[in-house]
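K.L.:
If you read the first sequence in our numbering, its first letter stands for residue 66, the second for the next number, and so on.
Beta carbons are placed, not taken as given, at the ideal position from N, Cα and C, and that holds for glycine.
Just so it is clear, the structure is predicted and the values come from calculations on it, not from any experiment.
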Amino acid sequence: MLDIKFIIENIKTVKEGLAQKGYTPEEINIDELVNIYKNLNKLKTSSQALAEEKNKLSNSIKSSSAEERPAIIAKSKEIGEQLKKEQEQLAKEQQKYDNIMWRMPNLPCPQSPIGPDESGNVVIRKVGTPTKFDFTPKDHVELMEYNNWSELERITKVSGARTYAIKNDLSRLELAMHMLVLDKLAANGFTTITVPSLSKQKPLYGMGYLPFSQDEIYYMPADDLYLSGTAELVLNSLHADEILSENDLPILYAGFSPCFRREAGAAGKDTRGLIRVHQFLKTEQFVICKNDINESEKWHKKLLSISEEVLQDLELPYQVLEICTGDMGAPKYRQYDLEAWTPSQNCYRETHSCSNITEWQARRTNLRYRDNQDGKVKFAHTLNNTGIATPRILVPFIENHQQADGTVRIPAKLQPYMSGKKFIGKNAQQS
RNA sequence: GGAGUGUUGGCAGAGUGGUAAUGCAGCGGAUUGCUAAUCCGUCAUCCUGAAUAGGGAUGCACAGGUUCGAGUCCUGUACACUCCGCCA
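And the structure:
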């Protein structure tokens, strides 16, 4: 959500930002919004004048004589009815206003590349080189079948398409990766927190999942609850409606949770294997910091560097992508994605997504803090980034680290989390 | 699932139909030669306004209702706590 006063003072900038994000004036009409806002304030001013008059009458009753009272009460009732009418009109206008405001995306960063869709994203660096094999490599599904690591066909009988069951050392590897990342985040000052995957509706609006991505969300009508697609959803609303002290900031969370996505818009895409599934595990980095763009940009870079370190610990070749204005989601101010080299697809595939949301979410959740300098209450900035998401990361991991005999090498940083094993797979011999 | 009690600022806590006490913490300032104390100020949202001057409206979990007037009375909802039942 944006600040209406900022919008009014920066109409041109706002219109340009919306256009860069791919919104047409038909979708979000700024001039209409400003008119509604002005009309709303007129209605507020006049209804408040009525309320003032009514309050004065009510307060005078106590000190008035018995003879005067009936006339005052009658007058007060009459104003009350008039007031009620104005307030009904006000509520209608307010609804129109809210409807636009809740659909308004965040404005993009001036440094973000401008582009219509993913074709406008910019590779800002590549780390490592795509793995070369002196044998014919298997893809991740073949590797899993060869090593008895999965139950991909059977599990669809139970849970349907886009679900997975992995077993033996691959299952242990999945959990080991989360522990590696949780340890790394704890060492960086993050609070480890395991959170529910269940959410009421309000946090979905707070994060920006609603009204933008309705089709993506599982809903359980019997309990009026939603399944969370990311711990970000829960962490973003954990401090909703609070006024924190600036001294409490920054708040750093390493949130772990099962995540659920309907993948409604991805029919036919990535149907093979572990890349795109309905349920997965994610350790999420989430930051609440001061309302200062330099401060949140600093944290944005920090979150990115932590994820890069994760991919480096896993010894995966990857590239850093700066996401362009048209490919960013509505909530985002600036976004980097990390993509790991995936041999079977001969390309880089997304493993991490790192975003600075600035105050857009905090306005929606009413998450504020008191500034030490001027004593004023301000909206916090929020940021989020994948810590690690499984099983997707297992795809580049086992494909890049596979050996000619079908075993998979475990990088040194991960070995302590895998009982010291250097290789896994049915042909693995531990030295 | 059943019964009971409760929800007031960052926190604690008064307020039983007539303008929301007070304390603590935080922050800003002043002052003092003793690791801190004292004093003053500040500490929700919105409208009006050039204003960080003034005026006004709203705000006691949320949504309604009764009333000239609701933190207070009534109804519903959410949440918390206690007890019972069930349970990994």
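#1: To which residues of the same chain is residue 313 closer than 8 Å at the C-beta, ignoring the five residues directly before and after it?
#2: Which runs of the beta strand (DSSP E), 3 residues or longer, sit entirely within the stretch 157 to 205?
#3: Can you tell me the Cα-Cα spacing of residue 148 and residue 115, whole angstroms?
#4: From which residue to which residue does the beta strand (DSSP E) around residue 266 run?
#5: With three or more beta-carbon pairs closer than 8 Å as the criterion, would you say the stretch 405 to 416 touches the stretch 379 to 393?
#6: If you draw a straight line from the C-alpha of residue 211 to the C-alpha of residue 371, how long is it?
#7: Tell me the rounded alpha-carbon separation between residue 387 and residue 179.
#8: Where does residue 448 fall in DSSP's three states?
#9: Helix, strand or coil, according to DSSP, for residue 428 in the structure here?
#10: At the level of alpha carbons, what is the spacing between residue 480 and residue 354?
#11: Quick one: is residue 456 buried, meaning 16 or more other Cβ sit within 10 Å of its Cβ, or exposed?
#12: Spell out a yes or no on whether the stretch 442 to 458 and the stretch 418 to 428 are touching, meaning 3 or more CB-CB pairs, one atom from each, closer than 8 Å.
#13: Identify whether residue 109 lies in helix, strand or coil by the three-state DSSP scheme.
#14: Which residue's Cα is closest to the Cα of residue 197: 466, 493, 220 and 484?
#15: Which value, in whole angstroms, describes the spacing of the CA atoms of residue 267 and residue 292?
#16: For residue 126, tell me which candidate among 153, 118 and 137 has the shortest Cα-Cα distance.
#17: Find out if the Cβ-Cβ distance for the pair residue 302, residue 430 is shorter than 8 Å.
#18: State the DSSP-derived secondary structure class of residue 219, mapped to helix, strand or coil.
#19: Which partner residues does residue 380 have in the DSSP bridge list?
#20: Bridge partners of residue 454, per DSSP?
#21: Determine contact between the stretch 240 to 256 and the stretch 303 to 311, defined as no fewer than three beta-carbon pairs at a distance below 8 Å.
#22: Using 10 angstroms around the beta-carbon of residue 321, count the other beta-carbons present and answer buried if the total reaches 16, otherwise exposed.
#23: Can you list, in chain order, the residues of its chain with a C-beta nearer than 6 Å to that of residue 205? Leave out the 5 residues immediately preceding and following it.
P.N.:
Taking the definition as stated:
#1: Cβ neighbours of residue 313 beyond the five flanking positions: 434.
#2: Listed in chain order, the complete beta strand (DSSP E) runs (minimum 3 residues) inside the stretch 157 to 205 are 187 to 192.
#3: In a straight line, the C-alpha of residue 148 is about 6 Å away from that of residue 115.
#4: Run containing residue 266: none in the beta strand (DSSP E); it sits in the alpha helix (DSSP H), 266 to 272.
#5: The stretch 405 to 416, when compared against the stretch 379 to 393, does touch it at the 8 Å Cβ threshold.
#6: C-alpha separation (whole angstroms): 33 Å.
#7: Going by the C-alpha atoms only, they are around 11 Å apart.
#8: Of the three classes helix, strand and coil, the one that applies to residue 448 here is strand, per DSSP.
#9: In the structure shown, the three-state DSSP call for residue 428 is helix.
#10: Residue 480 and residue 354: Cα-Cα distance of roughly 34 Å.
#11: The residue is buried, with at least 16 neighbouring Cβ atoms inside 10 Å.
#12: Judged by Cβ distances under 8 Å, the stretch 442 to 458 makes contact with the stretch 418 to 428, as three or more pairs qualify.
#13: It is helical.
#14: For residue 197, the nearest C-alpha among the options comes from 466.
#15: In a straight line, the C-alpha of residue 267 is about 13 Å away from that of residue 292.
#16: Of the candidates 153, 118 and 137, the one whose C-alpha sits nearest the C-alpha of residue 126 is 137.
#17: Yes, the pair counts as a contact, with Cβ atoms nearer than the cut-off.
#18: Residue state for residue 219 is assigned as helix, using DSSP reduced to three classes.
#19: Partner(s): none; residue 380 has no beta bridge.
#20: Listed as beta-bridge partners of residue 454 by DSSP are 347.
#21: Flag = no, the stretch 240 to 256 and the stretch 303 to 311 do not touch.
#22: Per the 10 Å Cβ criterion, buried.
#23: Here the set comprises 338, 460, 463 and 464.
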